[in-house]
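Below is one structure; the comments refer to it alone.
Residue numbers (my numbering): 1343 to 1698.
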């Protein structure tokens, strides 16, 4: 099994701290560690550094190597530019296939926390065994308590089996976030899951599935041929930009119709906004943002992220997110922190690249 930590996004909803070169998964917000480091340390409980891989971009590889210095340089798969997960997964498959095309991989998103970590590691073992046995694509899901729009849903058939607390279901239908079909009708009569990634398959089977997408596969063939040759980097830089931008879900959605979905046997905590970070700290009774130089007078439920030694005073306010950096200040209602990405778009429109 080969775990691949995926960390190529930016996390615009956590601006102004999250930026292109230092996105949210590299921010040291958890007792001086980042989400990337927490996931790396979890994998170290099972895998030596030489068996852990990282998929990232040319802009983020420097900080990734700094935060995981024991991972060999050749284990970092570097995207020459951001073209979404469709091309990125193809490059990953090409690199892994050169090591062992039949050894399963599992995708590990860097911007989430999995608790307890022991359950996550057990799931990795089980996924690898099932992929080698069945040759089917597997992904993870969580059961929603209510309908949420703007997310992908997995509709499952009957339960295949339950092993070590992991429930595996045969897939029936993928409902993408843009699907107009009414999801609520499935809640009463079906096994419904919110998609939570953790794709597991083999490099060989993933590459074969790319054949159905010529705009990805034709450049990918040339990259595969060049892996391990003196022209590898040159060919990747030339061919990767020819791969059409797009999400890998259009490939995986079809493959999962014959695959499996696992109900994640651990808490999957996604950090997409400042509110989600605040809620996590509150749930853990870890008010780590609280320091002696944050003064609150009749203030309630506020999250403050600021530079060291800077004093911030809050009087008579509540439910605020306040993030202060050396060049920017964000103040918003915590229920509106999902709109922070709109600030980034506005900055792009006025040409303030220095703040991105």
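Even glycine gets a Cβ: it sits at the ideal position worked out from N, Cα and C.
Option nearest residue i by Cα separation, candidates the options
i: residue 1481; options: 1487, 1575 and 1451; result: 1451
i: residue 1624; options: 1605, 1671, 1608 and 1646; result: 1646
i: residue 1384; options: 1626, 1347 and 1359; result: 1347
i: residue 1491; options: 1514, 1523 and 1602; result: 1523
i: residue 1405; options: 1616, 1362 and 1512; result: 1362
i: residue 1661; options: 1487, 1378, 1617 and 1445; result: 1617
i: residue 1364; options: 1619, 1403 and 1521; result: 1403
Beta carbon of residue i nearer than 8 angstroms to that of residue j
i: residue 1536; j: residue 1484; result: yes
i: residue 1479; j: residue 1528; result: no
i: residue 1447; j: residue 1355; result: no
i: residue 1753; j: residue 1423; result: A question about residue 1753 goes unanswered here, because the residues of the chain that appear run from 1343 up to 1698.
i: residue 1659; j: residue 1688; result: no
i: residue 1543; j: residue 1473; result: yes
i: residue 1545; j: residue 1443; result: yes
i: residue 1622; j: residue 1611; result: yes
i: residue 1690; j: residue 1681; result: no
i: residue 1453; j: residue 1366; result: yes
i: residue 1649; j: residue 1635; result: no
Opposing strand residues paired with residue i [DSSP bridges]
i: residue 1603; result: 1481 and 1511
i: residue 1516; result: 1496
i: residue 1503; result: 1510
i: residue 1609; result: 1457
i: residue 1543; result: 1447
i: residue 1437; result: Answer by DSSP bridge pairing: none, since residue 1437 is not bridged.
Contacts around residue i, its chain only, beta-carbon distance under 7 angstroms, and the 5 residues preceding and following it disregarded
i: residue 1558; result: 1428, 1429, 1432, 1552, 1585 and 1586
i: residue 1468; result: 1505, 1506 and 1508
i: residue 1555; result: 1593
i: residue 1670; result: 1358 and 1697
i: residue 1550; result: none
i: residue 1376; result: 1367, 1368, 1369, 1370 and 1409
Residues near residue i by beta carbon distance below 8 angstroms, same chain, minus five either side
i: residue 1407; result: 1413, 1415 and 1418
i: residue 1525; result: 1489, 1495, 1517 and 1534
i: residue 1598; result: 1479, 1481, 1496, 1513 and 1516
Own chain residues within Cβ distance below 6 angstroms of residue i, not counting five before or after
i: residue 1410; result: 1382
i: residue 1455; result: 1611
i: residue 1588; result: 1426 and 1428
Cα-Cα separation, residue i to residue j
i: residue 1503; j: residue 1600; result: 16 angstroms
i: residue 1630; j: residue 1644; result: Only weak support is given to the placement of residue 1630: the predicted model assigns it a pLDDT of 48, under 50, and the question is left unresolved by the model.
i: residue 1532; j: residue 1509; result: 15 angstroms
i: residue 1574; j: residue 1582; result: 11 angstroms
i: residue 1475; j: residue 1394; result: 23 angstroms
i: residue 1668; j: residue 1651; result: 12 angstroms
i: residue 1460; j: residue 1655; result: 41 angstroms
i: residue 1596; j: residue 1457; result: 30 angstroms
i: residue 1399; j: residue 1352; result: 10 angstroms
i: residue 1465; j: residue 1606; result: 8 angstroms
i: residue 1389; j: residue 1440; result: 20 angstroms
i: residue 1396; j: residue 1639; result: 45 angstroms
i: residue 1329; j: residue 1675; result: Outside the modelled stretch of the chain, which goes from 1343 to 1698, sits residue 1329, for which no answer is possible.
i: residue 1438; j: residue 1567; result: 13 angstroms
i: residue 1463; j: residue 1604; result: 14 angstroms
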